[in-house]
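**Student:**
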Amino acid sequence: MLKFLAGRLALAVPTMLVIATLAFGLLHATPGGPFDTAKRMPPEIQRSIEAKYHLDEPVWRQYLRYLGDLAHGDFGPSFQYRNTSVNELIRSGLPVDAVIGSLALLAAMLVGGCVGTVAALRRNRWLDHGPMFLAVLGISIPVFVTGPLLILVFAVQLHWLPSGDWRWGEIRYLLLPVTALALPYVAYVARVARGAAIEVFASPFILTARAKGLPTRTVVLRHALRPVLLPLVSFLGPAFASVLTGSIVIESVFGLPGIGKYFLTGAINRDYTLVVGITVLYGALIIAFNLLADLCYAWLDPRVRLQS
Amino acid sequence: MNAAAIAGRVRVAGQWLQSWRRLRRHPPALVALALLGLVVLLALLVPLVSPYDFATPNWDELYQPPGRQHWLGTDGLGRDLLVRVMWGCRISLLVGIAASLVSVVIGVLWGATAGYAGGGTDSAMMRIVDILYAVPFIPLVIVLTVLFGRSFLLVFVAIGAVSWLDIARIVRGQTLSLKNREFIDAARALGLSSTTMIVRHVVPNLLGIVIIYATLTVPTVILFEAFLSFLGLGVHAPLASLGTLIAEGAKHMKAHPYLLTIPAVFLTLIVCSFSFLGDGLRDALDPRQQR
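Going line by line, the protein sequences match chains A and B.
Under my numbering, the first residue of the first sequence carries the number 361, and numbering increases by one thereafter.
Under my numbering, the first residue of the second sequence carries the number 160, and numbering increases by one thereafter.
1. Using the rule of at least 16 other Cβ atoms within 10 Å of the residue's Cβ for burial, across every protein chain shown, is residue 611/A buried or exposed?
2. For a contact meaning CB atoms closer than 7 Å, what does residue 508/A contact in chain C?
3. Using a Cβ cut-off of 8 Å (strictly closer), state whether residue 643/A contacts chain B.
4. Hey, could you find the ends of the alpha helix (DSSP H) residue 207/B is sitting in?
5. Which two residues bound the contiguous alpha helix (DSSP H) that contains residue 344/B?
6. What whole-angstrom Cβ distance do residue 523/A and residue 531/A have, given they're in contact under 8 Å?
7. Pick helix, strand or coil for residue 602/A, following the three-state DSSP scheme.
8. Just to confirm my understanding: we take residue 323/B, look at its own chain, exclude 5 residues before and 5 after, and list those with CB closer than 6 Å. What are they?
9. Taking any Cβ of chain A, which residues in the region 253 to 266 of chain B have a Cβ under 8 Å from it, in chain order?
10. Is DSSP giving residue 363/B helix, strand or coil here?
11. How about residue 416/A and residue 618/A: do their beta carbons lie closer than 8 Å?
12. What are the start and end residues of the alpha helix (DSSP H) that includes residue 222/B?
13. When the distance is taken between beta carbons, is residue 280/B closer than 8 Å to residue 271/B?
14. Which complete alpha helix (DSSP H) runs does the region 396 to 449 of chain B hold, if anything under 4 residues is left out?
15. Strictly below 9 Å CB to CB, what residues from chain A border residue 431/B?
16. Below 8 Å on C-beta distance, what does residue 374/B contact in chain A?
17. Measure the C-alpha to C-alpha separation of residue 547/A and residue 425/A and round it to an integer number of angstroms.
18. Alpha carbon to alpha carbon, how far is residue 628/A from residue 557/A?
19. Alpha carbon to alpha carbon, how far is residue 638/A from residue 624/A? Give it in angstroms, no decimals.
20. Going along chain A in order, which residues have a C-beta closer than 8 Å to the C-beta of residue 290/B?
21. Does the region 507 to 521 of chain A touch the region 556 to 573 of chain A, meaning 3 or more C-beta pairs lie closer than 8 Å?
22. Starting from the beta carbon of residue 365/A, find every residue of chain B whose beta carbon is closer than 7 Å, and list them in chain order.
23. So the alpha helix (DSSP H) residue 455/A belongs to, where does it begin and stop?
24. Determine the DSSP secondary structure at residue 437/A, reduced to helix, strand or coil.
25. Taking C-alpha atoms, which residue in 463/A, 587/A and 651/A lies nearest to residue 534/A?
26. Which value, in whole angstroms, describes the spacing of the CA atoms of residue 260/B and residue 574/A?
27. If we ignore side chains and look at the alpha-carbon of each, how far apart do residue 176/B and residue 640/A end up?
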């Protein structure tokens with residue numbers, strides 16, 4: 361266990377280094393700095409600003425300085441939002457994404473898991489074919505289609521829910537973005553759960569449970585649930601990453617103040633530190649959640665040996 | 160031609176024929192194939208046949224609803240939506256297929272090399288794949304397109320370079336298990352040259368799984384391109400991919416919902432068809448993975 365953790369962390373460090381270097385290198389390799397605005401600044405002011413942000417130093421010094429700051433958890437100051445650090449921007453945006461993303465994944469696991477299990481129990485009947493057809497549709501329709509369509513129906517035509525914006529603690533503002541974000545994951549989870557459930561229901565220990573005369577409910581909940589959950593847990597790690605990037609679209613469709621919005625405006629305005637910082641953060645979260653998913657996997661399935 | 164080669168040829172032919180028979184028993188895949196054919200045909204022919212142009216504005220016919228003049232209506236610049244949507248299908252399909260090819264080529268070469276070489280080379284190459292898995296590629300591609308301008312080629316290369324990881328893993332696993340199979344030993348014992356062996360026995364066994372994953376990569380790539388276009392990072396105006404059209408439609412959906420729904424229907428149709436076709440091919444080409 362400890363050896364496994366150590367091995368994974370040993371791989372995580374070079375991975376983070378690769379991500380930070382890629383992002384940093386890309387941004388510095390391109391022409392146009394953050395302070396090349398249309399109206400020319402007086403040269404001495406430009407120089408003093410560049411000195412303040414260490415832009416006058418050679419790139420390798422900036423790179424080393426940046427890595428040093430990163431190691432202390434400091435993403436540096438934002439170029440675009442003056443007097444604001446990237447850490448502050450992330451702190452204001454990330455909770456929004458965390459709320460939406462975790463609610464969407466929770467909905468996906470609950471709804472998708474149930475639908476998939478029921479489809480497996482009713483295999484090759486309409487309760488199987490119908491939902492599975494919808495599931496392929498759900499995977500195929502992108503978030504930027506379902507989002508506007510949901511707004512069109514529930515906000516513009518029915519006036520039931522607000523079409524966007526964000527207020528902390530008000531569920532009305534959450535419903536549409538979470539639904540739009542969750543739909544493809546519900547569909548995906550339903551497919552994976554169906555496949556896993558079919559395999560589990562065919563295995564000898566379920567046959568034994570049935571032969572003992574246990575009711576279907578007990579067989580499913582007591583015996584089949586855990587092995588059905590297994591492939592879903594390993595899906596959660598990568599899913600978390602795609603929920604994060606998927607929320608970039610959700611944020612732009614529903615006008616939410618998450619980090620995706622900062623990321624897009626930062627990329628367009630060449631806000632080096634902001635863009636590199638958010639990319640590194642995404643990478644760190646992906647690594648952390650994959651590790652967490654592996655640990656959960658081993659916890660749920662005692663046969664799994666953790667190997668680094 | 161010796162007996163072994165003849166046996167090899169018979170086996171291969173039988174395998175593809177059987178696959179086709181299995182695919183024919185899979186109605187959703189057949190419907191998907193037919194729909195895809197129809198969309199490709201329309202996308203190729205409509206812009207040639209239609210009297211309208213995808214780029215020229217027509218100020219007298221702004222926001223015409225679908226009707227006899229313009230079957231799918233016109234957009235905010237009076238341009239025929241049917242022609243624009245068909246151009247969008249062309250671009251989406253082209254990007255999807257070309258970028259999938261890029262990723263399949265990289266993935267197969269990488270995976271087959273790693274699986275065939277084994278040992279240290281294998282684990283080093285797969286470690287690189289592990290590291291790349293954790294790289295948040297979508298943000299990086301967004302940065303790339305913002306920084307280097309919205310070039311068509313870049314979109315191909317970026318998407319292709321992102322989506323080869325899964326294929327590399329699958330092909331490696333397949334190569335590893337193929338290396339130790341009895342029929343490979345048998346073929347070797349019969350004295351087949353290694354070229355014949357690769358062409359007759361290894362490639363057909365890899366090909367099925369590669370075709371399946373290529374088919375399943377196309378829709379994800381199309382969605383990814385549409386995603387970039389939706390954020391305004393895709394092809395240049397006046398050319399429009401389906402993603403651009405959807406983004407434009409979403410802006411005007413309150414007054415003119417057809418501008419959103421029509422391109423959305425076509426995008427969904429294409430992506431769904433590829434998914435169903437991929438599912439059908441999985442059953443047809445990979446019989447060991449029975450449902």
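Glycine is no exception: its CB is placed at the ideal position from the N, C-alpha and C atoms.
**Tutor:** From the atom records:
1. buried
2. Chain labels in this structure do not include chain C; the protein chains are A and B.
3. yes
4. It spans 186 to 208 - the alpha helix (DSSP H) in which residue 207/B sits, taken as one unbroken run.
5. In the DSSP annotation of this structure, the continuous segment of the alpha helix (DSSP H) that includes residue 344/B starts and ends at 341 to 348.
6. Between residue 531/A and residue 523/A the Cβ distance is about 16 Å, and since that is not below 8 Å, they are no contact.
7. helix
8. 262, 265 and 266
9. none
10. helix
11. no
12. Where residue 222/B is concerned, there is no enclosing alpha helix (DSSP H), given that its DSSP letter is neither H nor E.
13. no
14. 401 to 410 and 417 to 444
15. 496, 497, 499, 500 and 501
16. Within 8 Å Cβ-Cβ: nothing; residue 374/B doesn't reach chain A, min ~13 Å.
17. 45 Å
18. 46 Å
19. Here the alpha carbon of residue 624/A sits roughly 10 Å from the alpha carbon of residue 638/A.
20. Going along chain A in sequence order, the residues near residue 290/B (Cβ under 8 Å) are 371, 374, 375 and 378.
21. no
22. Under the 7 Å cutoff, chain B gives no residues; its nearest Cβ is about 16 Å from residue 365/A.
23. 446 to 467
24. In the structure shown, residue 437/A falls within a strand segment according to DSSP collapsed to helix, strand and coil.
25. 463/A
26. 51 Å
27. 50 Å
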